[in-house]
Amino acid sequence: MEKRMGGSSSVEQLLTRTDLPYSEEVMAVPLPSIFKVPHIDLYDGSKDPIDHLENFIAHMTLSGFPGEVACRAFRLMLKGIARGWFGTLRPGSINNFEELAKQFLTQFMTSRRHCKPSAYLLTVKQKERENLKTYLMHFNKERLTTNDQDEKITLAALLGGIWPRSPLMVELARRTPSTLREFMD
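Basically my numbering = 1-based index in the sequence shown + 99.
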């Protein structure tokens, strides 16, 4: 392997690269001896970058690592096109984690998951042969994709989505719940 790499190992070359995008200040902060790579999915550019960034920041914060360490660790959490993008950053151009995060989000914002308006829940309906438990699981899954968690809208959509001939409709006609908690009880 050393012959292929011109006398030094590929690992050594990776560790001593001088074309990294980090400023001298970022590189001057030593990596803690207890540093461990976070156990999160690698980002490939196809999923929501905000989810990935929030997960990464949570791991770094929980471990108590400063922003400079987060900067240097971030590329370990990238693969595919995202790793390729990282390689295009100008040497010395990243002075702190906030700058890196902004550039990352700018690059991959088109992959962001878009939330649906809460009115979308009004389209979620129980199917004729679908049991209540399955409908509630489906409804809740769809609810998690909305951007507004207004309880009144959610409750109205939930009740309005119940199959009209469901035995539950008789009970709801007698006693209409005013909160989600009341409905679940």
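Built from N, CA and C at the ideal position, the CB exists for glycine as well.
Using CA coordinates, which residue listed in Glu241, Lys135, Arg273 and Leu254 is at the minimum distance from Arg171? Numbered from 1 along the sequence shown, position 72 holds the residue referred to as residue 171. The shortest Cα separation from Arg171 among Glu241, Lys135, Arg273 and Leu254 belongs to Lys135.
Looking at C-alpha atoms only, which residue of His213, Arg264, Tyr234 and Phe207 is the closest neighbour of Ala256? Counting from 1 along the sequence shown, the entry for residue 256 is found at position 157. Nearest neighbour of Ala256 by Cα position, chosen from His213, Arg264, Tyr234 and Phe207, turns out to be Tyr234.
Ile261: which of Glu229, Ala157, Thr245 and Leu243 sits nearest, CA to CA? Within the sequence shown, the letter at position 162 stands for residue 261. Closest option to Ile261, Cα to Cα, is Glu229.
Taking 6 Å as the cut-off, is the C-beta of Gly259 nearer than that to any heavy atom in the ligand MG? In the structure on display, the ligand MG does not appear, and there are no ligands present to speak of.
Whole-angstrom C-beta distance between Thr245 and Pro216, which should lie under 8 Å: Reading the sequence shown from its first residue, position 117 is the one you call residue 216. Reading the sequence shown from its first residue, position 146 is the one you call residue 245. Taking a contact as a CB-CB distance under 8 Å, the pair Pro216 and Thr245 counts as one, their CB atoms being some 7 Å apart.
What three-state label does DSSP hand Ile193 in the structure shown? In the sequence shown, counting from the first residue as 1, residue 193 sits at position 94. Judged by DSSP in its simplified three-state form, Ile193 adopts strand.
Tell me the residue span of the alpha helix (DSSP H) that contains Tyr234. Here residue 234 refers to the residue found at position 135 of the sequence shown. Where Tyr234 is concerned, the enclosing alpha helix (DSSP H) starts and stops at Leu231 to Arg242.
Quick one, are the C-beta atoms of His158 and Pro137 less than 7 Å apart? Along the sequence shown, read from residue 1 onward, the residue named residue 158 stands at position 59. Along the sequence shown, read from residue 1 onward, the residue named residue 137 stands at position 38. Closer than 7 Å, so yes.
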